[in-house]
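Asker: Numbering (this note's numbering), first residue to last: 19 to 265.
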């Protein structure tokens with residue numbers, strides 16, 4: 019039996035024994051946004067549990083926008099332009115904006131990947147830098163979490179007057195769901211933080227599983243860490259299997 023898995027850019031074909039029962043977990047059908055750009059602009063003006071971004075950004079001296087690295091299919095080319103336009107209207111010049119790539123402990127981004135992620139215009143106009151999880155000196159220690167995780171977060175993010183994260187919400191093998199707090203931990207956390215948070219005490223917990231938030235120590239701890247680091251505004255998207263933003 020030959021099965022096609024959605025893996026990487028082109029997928030992966032796997033040969034399985036014919037006598038095995040194979041079930042496929044797939045996304046439920048959902049309606050994609052008819053006008054994603056307009057919907058995003060509306061979300062910035064009418065966010066959940068927050069003031070509009072133009073109010074949040076008003077009077078801030080600089081900004082750090084955290085984005086996922088190339089391993090996540092986040093539509094940054096759709097999401098970043100209205101974010102950046104709003105910051106400019108609020109008086110934050112382009113040279114005062116840092117786009118920080120949440121590599122976690124992944125490999126560094128290649129120059130061509132940065133252009134692919136954000137588009138050539140943004141890549142040419144803005145400072146885009148990788149997080150370096152292996153370099154402790156680039157992080158600030160914020161104490162320990164309730165379960166004893168040492169909190170080391172990228173100093174460039176902590177020093178920004180306006181902190182914004184962007185990302186993709188989807189089921190996650192250990193944290194329940196991705197997005198939100200995961201851009202901070204593990205996204206811009208140091209190795210010293212991630213190796214404890216990704217340790218057996220967390221990952222072997224019975225509730226550290228896909229789709230589970232309540233009682234999940236992986237979710238609860240990185241939520242606590244993200245709150246400790248602080249975040250002023252979050253933009254998350256949900257997508258279908260064709261990478262179209264959904265309602």
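Every residue, glycine too, gets a C-beta built ideally from N, C-alpha and C.
For residue 60, does the count of other Cβ atoms within 10 angstroms reach 16, so buried, or fall short, so exposed?
Answerer: exposed
Asker: Can you look up residue 167 in the DSSP assignment and give me helix, strand or coil?
Answerer: Residue 167 carries a coil assignment under DSSP once its states are collapsed to helix, strand and coil.
Asker: The alpha helix (DSSP H) spanning residue 72 covers which residue range?
Answerer: 71-75
Asker: How is the alpha helix (DSSP H) around residue 121 delimited, first residue to last?
Answerer: No alpha helix (DSSP H) holds residue 121; DSSP gives it neither H nor E.
Asker: Looking only at its own chain, which residues have a Cβ that is under 8 Å from the Cβ of residue 114, when we skip the five neighbours before and after it?
Answerer: 79, 80 and 81
Asker: Give the secondary structure of residue 135 by DSSP, where H, G and I count as helix, E and B as strand, and everything else as coil.
Answerer: Residue state, collapsed to three classes: helix.
Asker: Anyone know if the C-beta pair for residue 244 and residue 203 falls short of 7 Å?
Answerer: yes
Asker: Would a C-beta distance cut-off of 7 Å place residue 207 and residue 171 closer than the cut-off?
Answerer: yes
Asker: Output yes or no for whether 7 Å exceeds the beta carbon distance between residue 262 and residue 50.
Answerer: Contact flag set, yes.
Asker: Give the DSSP-derived three-state secondary structure of residue 84 in the structure shown.
Answerer: Residue 84 falls in the strand class under three-state DSSP.
Asker: Cα-Cα, which of 173, 22, 42 and 52 is closest to residue 155?
Answerer: 173
Asker: Please state the DSSP three-state secondary structure of residue 50.
Answerer: strand
Asker: Taking the alpha-carbon positions, what's the residue 105 to residue 182 distance?
Answerer: Approximately 11 Å, taken between the alpha carbons.
Asker: Figure out for me which residue from 251, 257 and 255 has the closest Cα to the Cα of residue 72.
Answerer: 251
Asker: Could you check how far apart the C-beta atoms of residue 215 and residue 240 are, in whole angstroms? I think they sit under 8 Å.
Answerer: 6 Å
Asker: Do residue 193 and residue 223 have their CB atoms nearer than 7 Å?
Answerer: No; because the gap between Cβ atoms is not below 7 Å, this pair is not in contact.
Asker: Report the option in 58, 24, 160 and 35 whose CA atom is closest to the CA atom of residue 44.
Answerer: Considering only 58, 24, 160 and 35, the residue with the shortest C-alpha distance to residue 44 is 24.
Asker: For residue 136 and residue 35, I'd like the C-alpha separation in whole angstroms.
Answerer: 42 Å
Asker: Contact defined as beta carbons within less than 8 Å: I believe residue 191 pairs with residue 228. What is the distance between those atoms, to the nearest angstrom?
Answerer: Distance from residue 191 to residue 228 at the Cβ level is roughly 6 Å; contact confirmed, criterion being Cβ atoms closer than 8 Å.
Asker: Would you give the residue range spanned by the alpha helix (DSSP H) that residue 177 belongs to?
Answerer: 173-177
Asker: Helix, strand or coil: which one does DSSP assign to residue 143?
Answerer: DSSP places residue 143 in the helix class (H, G or I) of the three-state scheme.
Asker: Thinking C-beta only, is residue 119 closer than 7 Å to residue 184?
Answerer: no
Asker: For residue 181, report the span of its beta strand (DSSP E) as first-last.
Answerer: 180-186
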